[in-house]
Amino acid sequence: MSDRPRPEVRTLADIPGTPDAPDPLHDWLRAFNTGFYRSAEVSAEETERRRGGTDPERTQGAYDGGRCVATFRTTPQRLTVPGGAALPSCAVTNVAVAPTHRRRGLLTEMMANGLAAARERGDAFASLVSAEYPIYGRHGFGAATWTTEWEVEVARAGLDRRYSGPADDGDGGRVELLDAAAYREAAAGAHERFRAQPQRQGAIDRTDRWWRIFTGALRFPGDGYDSPFFAVYRDADGEPQGAVAYTVDSRWESKQPQQTATVDDLFATTPAGERALWRYVLAMDWVLKVRTGPRAPDDILPLLLPDPRAARVLTHADFLWLRPLDVPAMLEARTYAVSGTLVLELRDKAGLAGGRYRLEAGPDGTACRTTRDEPGLSMDIGELGALYLGDESAVRLAALGRIAEHREGAAARADTLFRTARRPWCPDMF
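Anchor point for the sequence shown: position 243 equals 245 in the working numbering, and the numbering is continuous, going up by one each time.
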């Protein structure tokens, strides 16, 4: 066994900056790039631009001999839950460990620090997008949303491509191309309305910094930014009710167009707007294929096509993971279509959110309290994370042995309470 001391975990706020010492953020960014096999070179310009989006108190590093060898960062986030309420979440991101220091418990230590701080702040849960499936279950996270990407062969789709501008739903709406600045102004407000809708569980807030990066107003050296085309859907009153951003590769062979359009973002507050934006994208001249980007698994797109088989699945995978931290706050904030009572026994190795809870739910109000009643279901805390947004089935988890049913029918009752009419969807990587 090596006698080398274990790397020390610290936040960037704990590292004093001196003229003779490396910039702590620059060293941290270099370690993050190394962990993801990117170029370890980080310019001073990039360091300064990244500084504006980095809270030193919430940015941890593991240090071996003064050199950063692992990174971990959290940011504040608002996440929409069933019914449209938005709860505070601790968004975990930039997790990386150098190849020389893996399997030494550094992520476990940083995660424990981050979750404890989130619980102290009053965050309802922690959230992340997992690079690898097996990593985060042991930290109490469960896969709460999934994502699907399709590629549409436009010629097979069967849509009338004679797009004339106004939507064909009789609402007088129209799609309008905009420059980046005008799009940023119009789309940001529409997105706030979009994510507050009752069936948009899984959506997260977008900061002004997010919009500036997405539209190219804030750039980073070597970021490879390819400016999209931007369009919004306006209703008959001219109000933005949806938006789309997309790129088109310009490729020709033997004087024939071979273009593929890729959707970077598409959302709408109304069904008419959503249909109009998809029809606009699918009606562009010279475009033979459309890649949808990550969508909800039950997105309307395939069934919008006269021939849904023209939409081929490219990717279907887990996306947003949740880690419960305040069970009563979580369960009381979301809505339930029917009334019912359920007692849950939750195991939490970290000691953050475990216990026995009695949920009395219904359309007219919900209460969740600790209890000594006998449980109907017992599970690890991560399974509640998987169930919470309404995507996963308690009956399926029970069949897998991941949930124990102590009262007959308790798993089916949980499904009746938790499942939602539309599947949750998180449109954004973070």
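C-beta: ideal position from N, C-alpha, C; glycine also.
Treat the numbers as computed from the prediction; the structure is a model and nothing was measured.
Could you pull the DSSP bridge partners for residue i from this structure?
i: Val83; result: In the DSSP output, where bridge partners are listed per residue, Val83 has none listed.
i: Asp74; result: For the record, residue 74 in the displayed sequence is Phe; it is not Asp. According to DSSP, which records beta bridges pairwise, Phe74 is partnered with Gln62.
i: Ser129; result: Ala93 and Leu324
i: Ala233; result: Leu179 and Val246
i: Val340; result: Answer is none; Val340 lacks a bridge partner.
i: His318; result: Thr150
i: Leu361; result: Leu344 and Cys370
i: Ala98; result: Thr73
i: Ile215; result: Paired residues: none, contrary to the question.
i: Ile206; result: Leu81
Report the rounded CA-to-CA distance for residue i versus residue j, giving the unit in angstroms.
i: Pro429; j: Thr36; result: 27 Å
i: Arg371; j: Arg53; result: 42 Å
i: Gln260; j: Ile215; result: 29 Å
i: Gly226; j: Arg314; result: 27 Å
i: Leu31; j: Val289; result: 39 Å
i: Met431; j: Leu130; result: 9 Å
i: Asp300; j: Trp427; result: 9 Å
i: Lys257; j: Thr264; result: 22 Å
i: Asp350; j: Gly240; result: 50 Å
i: Asp309; j: Leu402; result: 36 Å
i: Ile405; j: Pro230; result: 45 Å
i: Leu344; j: Ser132; result: 30 Å
i: Glu155; j: Thr294; result: 11 Å
i: Gln243; j: Tyr282; result: 15 Å
i: Leu268; j: Trp280; result: 8 Å
i: Arg360; j: Thr373; result: 6 Å
i: Leu284; j: Gly107; result: 49 Å
i: Leu220; j: Gly356; result: 42 Å
i: Ala100; j: Glu153; result: 36 Å
i: Arg40; j: Ala46; result: 17 Å
i: Ala33; j: Asn96; result: 10 Å
i: Val71; j: Arg105; result: 13 Å
i: Val11; j: Ala64; result: 4 Å
Pull up the CB-CB distance for residue i and residue j, whole angstroms please, since I reckon it's below 8 Å.
i: Val177; j: Tyr235; result: 5 Å
i: Leu306; j: Arg277; result: 6 Å
i: Gly116; j: Phe74; result: 6 Å
i: Ala352; j: Gly142; result: 6 Å
i: Ala146; j: Ala388; result: 6 Å
i: Gly56; j: Ala205; result: The sequence given here places Thr at residue 56; Gly does not occur at that position. Actually they are not in contact, since the Cβ atoms of Thr56 and Ala205 sit about 24 Å apart, beyond 8 Å.
i: Leu303; j: Val329; result: Not really, about 35 Å apart at Cβ, beyond 8 Å.
i: Asp162; j: His103; result: Not a contact, Cβ separation roughly 58 Å.
i: Phe232; j: Ala182; result: 6 Å
Taking the alpha carbon of residue i as the reference point, which residue from the options has its own alpha carbon closest?
i: Ala270; options: Leu284, Val246 and Met286; result: Val246
i: Glu334; options: Arg60, Leu89, Ser45 and Thr73; result: Leu89
i: Leu322; options: Tyr390, Leu305, Leu307 and Asp266; result: Tyr390
i: Ala93; options: Pro24, Pro78, Arg106 and Thr110; result: Pro78
i: Pro58; options: Ser41, Arg69, Ile17 and Glu43; result: Ile17
i: Arg8; options: Glu111, Asp309, Arg164 and Tyr185; result: Glu111
i: Ala312; options: Ala369, Ala15 and Ala157; result: Ala157
i: Glu407; options: Asp320, Pro377 and Leu386; result: Pro377
i: Thr418; options: Arg424, Leu386, Thr373 and Ser341; result: Ser341
i: Asp382; options: Gly411, Thr149, Pro326 and Leu108; result: Pro326
i: Pro24; options: Ala100, Glu10 and Val44; result: Val44
i: Ala423; options: Arg104, Gly86 and Ala339; result: Ala339
i: Phe420; options: Met332, Val71 and Glu410; result: Met332
i: Pro136; options: Gly392, Gly384, Arg425 and Arg409; result: Gly384
i: Thr76; options: Arg123, Asp287 and Tyr65; result: Arg123
i: Asp228; options: Asp251, Thr61 and Arg208; result: Asp251
i: Ala416; options: Gly367, Ala369, Asp375 and Ala363; result: Ala363
i: Ala238; options: Ala114, Gly175, Arg12 and Leu379; result: Gly175
i: Pro296; options: Met286, Gly275, Asp320 and Ala274; result: Asp320
i: Phe222; options: Ala42, Glu48, Phe38 and Val397; result: Glu48
In the DSSP assignment, the alpha helix (DSSP H) including residue i goes from what residue to what residue?
i: Phe222; result: It is not in any alpha helix (DSSP H) - Phe222 carries neither H nor E in the DSSP assignment.
i: Arg253; result: Segment: none, Arg253 is in no alpha helix (DSSP H) and carries neither H nor E.
i: Pro426; result: Counting along the chain, Pro426 falls outside any alpha helix (DSSP H), and DSSP gives it neither H nor E.
i: Gly434; result: Missing from the structure shown is residue 434; the chain here goes from 3 to 432 and no further.
i: Pro326; result: Premise fails: Pro326 lies in the beta strand (DSSP E), Leu322 to Pro326, not in any alpha helix (DSSP H).
i: Val156; result: Val156 to Ala159
i: Thr110; result: Leu108 to Arg123
i: Phe420; result: Ala412 to Phe420
i: Thr13; result: Run containing Thr13: none in the alpha helix (DSSP H); it sits in the beta strand (DSSP E), Glu10 to Thr13.
i: Thr49; result: Ala46 to Arg53
i: Gly275; result: Pro273 to Leu284
i: Glu334; result: Val329 to Ala335
i: Leu307; result: Run containing Leu307: none; DSSP gives neither H nor E here.
Going by DSSP, what residue range makes up the beta strand (DSSP E) through residue i?
i: Met381; result: Leu379 to Asp382
i: Tyr39; result: Careful: Tyr39 lies outside any beta strand (DSSP E) and carries neither H nor E.
i: Val397; result: Here Val397 belongs to no beta strand (DSSP E); instead the alpha helix (DSSP H) covers Ala396 to Ala401.
i: Phe269; result: Gln261 to Ala270
i: Glu407; result: Ile405 to Glu407
i: Leu290; result: Val289 to Arg293
Under 8 Å between C-beta atoms, does residue i make it to chain C?
i: Pro7; result: Included in the structure is just one protein chain, with no chain C present.
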